[in-house]
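> Provided herewith is a single structure, encoded as structure tokens, for subsequent inquiry.
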């Protein structure tokens, strides 16, 4: 499988900073992704993409408000440009110029467009569906440009959302598969919800295992890179809550993590970037118990 | 009163009273009426007098001397209690003396205060003072008085005026006594002191000789002692021996007594003692406190002794004005000292053996200091006599705390003091009759001290021999013991060998959370969704606080209140809003038990081995590690045998939490819960051997069960103690005051509070446990509960009665009268009670004043033989867990050794080898540990009943297994043996004894099969039993795991018992059988002999119990070959983004590339394993998009290679491929191909592309994926656009009319319509 390369994806804090620094100047286009890959050939593509995504999202969260303030300006600029050269990727160019995610810009402008057309603010749902299916946009030219934006954007947009979702699902399934291979029985979220648990990790092992000498009751799969900020959030909102209810557990960051973050092992939270190999079980039924 | 005591002791010393009579009297055989002196003395009065006498006697030796850091754990007391009004009673002693006197005060002086406040100045004191000079008074004159002054019929020897003058004289003496009054010893001492770092006392005082020296030293002793310290400190951790050079004359550092000044010495928080809030909330409490409880590090107020040096003035005849006087003098003295002393000088008093490495003042013994020498002992007969009386008091439990006395004796043993001087060896002739017997300096030099100590130790050997191995070894290796009593040393060596303490592996290496149990924690247990969700958050916040506490609470400057206070309260207030108190109280209580049930928690903090080290070494080495660590850290850890109650380790968190939360609802719920669990635990049934083994067949399996029962007992006890402490804490929290209330307030409070029912009916519990002989379980936790009392609490009728009962119980609990098996049971009780009687909460006057009606006899009369007290339940491990202060002996002795390392050298070197030898490969050990951890972890998230079931079944199967072995293997073996024996006896000239031995040996060899058999038995039976007992819905894996754990536990139980007992068992069985045969066999019948081979027959090779390997499933997982949807989508996205542009010239695809992409899509869609519906939809959508970009020519595709770049490829095969995919996975959003956007695009394309488009549509219609009318209706919509209608119509017609052959040129016209 593609995912289980032998490349370790742990990255030390300093190196992560270098990468993040480099990412600051990039745009979420396939051209930029290529530059990134060339600059850091030692890291897997998916790890780099995941890091890019994290850093880019941080950037967008920081600056979105600023852009929202000048939507009108963007809209007018788009209008005039689109008139001048209708077949050029003017919306995409604008996004890159102002350093806003193309999908986000497309969304802002569609919203603005609809507002103008219908005289009222459209619902999120409508917006989402139009972004997902640009042909629903009443203006064919805008639709074309929006499609161009959403397809080109590496970090936002319906396509990316779906990819992220798919990756998450796939890794949970990969995890389950690995557990089945090892004959480890578990309850997944659905079981747990049914029983009335208030917080549910992806996996609860019915019989705990020891990974690298640490007891593991639950496993959480994270199909992303574990950087400082997201890990902290996860710890507060998920991992510690799991610990509080089920005891120590394991988190798999399939796309790697900052190695320094793996410092709670003795406390009951173990980080891995792949399915562990060093597993000790209560080998039920065998004579070696 | 005290005079009588003195007279009695004197007459004993002078042999005027027969020692035996006195001893008998002490033992309660008869009352003492002596010698026409008409000494009618009560034991309660004599004992404190004796104790004080000894303390005073030794006060010099224990503290004096340059290079002899005192052994008093009370050295360098922190502030002594600042003078509250109640202090007055103790002032005499507290001012003058250090620890010795302190202890006395703490122990006994209160009586004086309470009953006869004005009677304080002590007759004996005065007597002595007046009777001769200052010399020789060291012990008694100044210090003894408060101790034995008591409210009991004072009979002053002197009239008040006499007293006053005597006192005056005495004080003047102090002040100015010229060197010649205190001739010899001082000179040397001063030299020494100066060498070590001058004391910073005023020159005058330095020259006053021994006495003033003493006073200087006084600061190191705790005048008011422990209580004062404890009182002052609230949450301030007790600092380690302070490294700060103290200027004892600095008023800021050492505020005068009565200044109510909190010690400004910054506490260095590296070592925490966790003073109880109880004590901490009474900063300026009564001076009474327990001897030696304060850590050495605490600086003490230097001043108390000082006033007397100054105070010839309005001499202190009246105790009432003494106080003020002292204050004044203290200040004066302090001022003076400030001027004369250099602040940087190290203070010898601070330097103790507990702190061997101290820059500038090494504590290694002065090389010139003479070692104690038996030849130099003076007053040996008197010392013998004193020792004997003293030992009797100890043995009879006439002293409040037996172990405190042991500690004192060990201090004497290890005193660093040299003889004040050689001239001191002979008492200066003291004129004047009787008093001199008491004034002699019996314990004034090291030789005498050691001699006396060894005498006592010899006498108390039984008690000693039950201490831990390390202590015994330290004692045995103590050179002084060797020199003074080789016999004792040998005994100690022997006792050491027979010591069988084992460190059980600690399974709780990590903190567990309280598991979420659906049965109690899910939505149905809450009144509303909101409450449920709030509790969800609360649980997380609680653990967040806990983790933060764990991380930071040891850091300097960290305070619970400041760091967590607001969050705690916010969370708790939410509890109130949501009505979740009962849920949270349950969580809190469970977590408390989880975290505090480990034995480590109760030990002194810092004992916990580092988690990493633990992991590396595994459980086996824990014991060594711990011991090693203890040795390494003990220099800081000496806190005396009666430390105040505290919340060590994790308990601190829970205490601070409750204090900070300060939530009455929560507390009430907790009280309910704690009380309930406590009483449940108290009733836990622990079975004696008789009760379990059938038909009086005692022994064997009874023994094994006893082991389990013992473990259960100790775990129950430890938990109960924690719960009780917290129950007490919460219950008395509302009444805690910072100071002892005045008598009036107290009385009012008593009246008020005695109306409402106490949270726990202590007396009832106590009576019932005595009645049912369950004291060994109940009393230790009751002690914890009572130790949390507030000031007034003990005076409430119910608690006062309880104290009375406990006192009676203690008096009866004489260790000497106990059988070996239960010795440790009693020792535990004596130790915990002794501790209780010493801690601050115990009323001062109670021990020696309470008139005890002997209620106990009656209670005990009814008892049956059943009961815990007659079971050997306590082992050494538990004893030390429950009474960590017993470890102080070890520390004291070790400190002595490390101090004198240069001489002995022995122990220090031994540390390395013992701790370094590895046992077995480390991997296996840690594997073992992981396995055990895993088992613990397994139960964590299962319902508690699972664990109970497994443990129960394991226990029963293990026990049955032993019975089974006994019934089968053993009896077979013995039968076989009998035959052999009969046969052997049949033949002539056989030595029956020899035959017996050889058969027995054979049988024992054969007995080793037992382990195999047992293993098989357990693995056959345990799984079945568990399976039946677990609920149906238990999942298979859980069931299997439970079975295997049960099997392992049962096997382990059975095998461990068998391996150590099977030989004994066989021997015993064989013995009786042999005897039977011999008896009944004059007529040997040698028939067919069953040869011993039968007995020896080897069993079939051990079939491993659980052989069935879980077959390693081949993971073929062919599906996994397919690429993941996300990957494919990413790839298509890439292609699409090139299609929609912008792109470069180079970015083109070959048909082949698109084919392979489609191939991936196909595989992925086929495999579906990792596919989510969302991803599938997106994937299909992408293919549709891709197809449309392909036909519209937006996607730059070349036929194959570079050779033919310009040539337009034939797309038909590709399009067919698309259609194939959509045919297989029918839900593709094909209408996208008919969308306005696509059509618009198509209208802008060229003929080839339009043809491709039409081809695609045609293929789809053919496959039935698109319906013609649907296509038609879509195309109809074109008309709604701004296109000329006829163009559209034609487009439709053409395309539909010629579906098979792609029309080329002729359509161009039609479609060339621009919008």
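Residue numbers (full-length UniProt numbering), protein chains in the order written: chain P, 1 to 289; chain Y, 1 to 1315. The beta carbon of each residue, even a glycine, is placed where N, CA and C say it ideally should be.
1) What residue from Y:1226, Y:555, Y:888 and Y:1273 has the CA that sits closest to residue 408 (chain Y)'s CA?
2) Tell me the residue span of the alpha helix (DSSP H) that contains residue 171 (chain P).
3) Spatial neighbours of residue 961 (chain Y) within its chain, please: CB distance less than 7 Å, with the 5 preceding and 5 following residues excluded, ordered by chain position.
4) Can the beta-carbon of residue 874 (chain Y) be found less than 9 Å from the beta-carbon of residue 1060 (chain Y)?
5) Enumerate in chain order the residues of its own chain whose CB-to-CB distance from residue 130 (chain P) is below 6 Å, with the five nearest sequence positions on each side excluded.
6) Where does residue 799 (chain Y) fall in DSSP's three states?
7) If you follow the beta strand (DSSP E) that residue 188 (chain P) is part of, which residue opens it and which one closes it?
8) Taking buried to mean at least 16 other C-beta atoms within 10 Å of its own C-beta, is residue 1075 (chain Y) buried or exposed?
9) Quick one: give me the first and last residue of the beta strand (DSSP E) that residue 565 (chain Y) is part of.
10) At a CB-CB cut-off below 8 Å, which residues of chain Y make contact with residue 243 (chain P)?
11) Is there a C-beta anywhere in chain P that falls below 9 Å from the one on residue 1245 (chain Y)?
12) Of all Cβ atoms in chain Y, is any one closer than 9 Å to the Cβ of residue 56 (chain P)?
13) Around the Cβ of residue 929 (chain Y), are there at least 16 other Cβ atoms within 10 angstroms (buried) or fewer (exposed)?
14) Please classify residue 780 (chain Y) as buried or exposed, where buried requires at least 16 other C-beta atoms within 10 Å of its C-beta.
15) I think residue 256 (chain P) touches residue 273 (chain P), with their Cβ atoms under 8 Å apart; what is that distance to the nearest whole Å?
16) Compute the Euclidean distance between the alpha carbons of residue 162 (chain P) and residue 1132 (chain Y), then round it to the nearest angstrom.
17) For residue 731 (chain Y) and residue 662 (chain Y), I'd like the C-alpha separation in whole angstroms.
18) Below 8 Å on the Cβ atoms is my contact criterion, and I expect residue 828 (chain Y) with residue 883 (chain Y) to pass it. Report the Cβ-Cβ distance as a whole number of Å.
19) Under 9 Å between beta-carbons, which chain P residues line up against residue 580 (chain Y)? List them in chain order, please.
20) Would DSSP call residue 1263 (chain Y) helix, strand or coil?
21) Starting from residue 251 (chain P), follow the alpha helix (DSSP H) in both directions and report where the run begins and ends.
22) In angstroms with no decimal places, state the Cα-to-Cα distance between residue 449 (chain Y) and residue 495 (chain Y).
23) Could you round the C-beta distance between residue 584 (chain Y) and residue 538 (chain Y) to whole angstroms and report it? I think they count as a contact, below 8 Å.
24) Listing by chain order, which chain P residues have their CB less than 9 Å from the CB of residue 930 (chain Y)?
25) Run down chain Y in chain order and give the residues with a C-beta less than 9 Å from the C-beta of residue 240 (chain P).
26) What are the residues in the segment 1031-1042 of chain Y lying within 8 Å of chain P by C-beta distance?
27) List the endpoints of the continuous beta strand (DSSP E) containing residue 209 (chain P).
28) If I follow the unbroken beta strand (DSSP E) through residue 214 (chain P), where does it start and stop?
29) Ignore the nearest five residues each way along the sequence and tell me which others in residue 481 (chain Y)'s own chain have a CB closer than 8 Å to its CB.
30) Chain P partners of residue 524 (chain Y), CB-CB under 9 Å?
31) CB residue 588 (chain Y) to CB residue 657 (chain Y), shorter than 9 Å?
32) What are the start and end residues of the alpha helix (DSSP H) that includes residue 94 (chain P)?
33) Three Cβ pairs or more, each shorter than 8 Å: is that satisfied between the segment 1039-1047 of chain Y and the segment 1002-1009 of chain Y?
34) Please report the straight-line C-alpha distance between residue 473 (chain Y) and residue 890 (chain Y), rounded to a whole angstrom.
35) Candidates Y:724, Y:740, Y:751 and Y:746: which alpha carbon is nearest residue 759 (chain Y)'s?
36) I think residue 833 (chain Y) touches residue 682 (chain Y), with their Cβ atoms under 8 Å apart; what is that distance to the nearest whole Å?
In terms of the structure at hand:
1) Y:888
2) 158-181
3) 1014, 1017, 1018, 1050 and 1054
4) With a cutoff of 9 Å on beta-carbon distance, residue 874 (chain Y) and residue 1060 (chain Y) are scored as not near each other.
5) 110, 136 and 137
6) helix
7) From DSSP, the beta strand (DSSP E) with residue 188 (chain P) extends over 186-188.
8) Exposed, by the Cβ-count rule.
9) Per DSSP, residue 565 (chain Y) belongs to no beta strand (DSSP E); it is in the alpha helix (DSSP H), 560-578.
10) Neighbours of residue 243 (chain P) on chain Y, chain order: 513 and 543.
11) By the rule that beta-carbons nearer than 9 Å mark a contact, residue 1245 (chain Y) does not touch chain P.
12) False, the Cβ-Cβ gap to chain Y never drops below 9 Å.
13) buried
14) Per the 10 Å Cβ criterion, buried.
15) Yes, they are in contact, since the Cβ atoms of residue 256 (chain P) and residue 273 (chain P) sit about 5 Å apart, within 8 Å.
16) 13 Å
17) 12 Å
18) 7 Å
19) Chain P residues near residue 580 (chain Y): none, gap ~13 Å exceeds 9 Å.
20) coil
21) That residue, residue 251 (chain P), is in no alpha helix (DSSP H); its beta strand (DSSP E) goes 249-253.
22) 24 Å
23) Confirmed, about 6 Å.
24) 210, 213, 214, 215 and 280
25) 540, 543, 544 and 547
26) 1035, 1036, 1037, 1038, 1040 and 1041
27) 203-211
28) 214-222
29) 413, 454, 457, 475, 488, 489 and 492
30) 196
31) yes
32) 90-98
33) no
34) 9 Å
35) Nearest to residue 759 (chain Y) by alpha-carbon distance, out of Y:724, Y:740, Y:751 and Y:746, is Y:724.
36) Between residue 682 (chain Y) and residue 833 (chain Y) the Cβ distance is about 18 Å, and since that is not below 8 Å, they are no contact.
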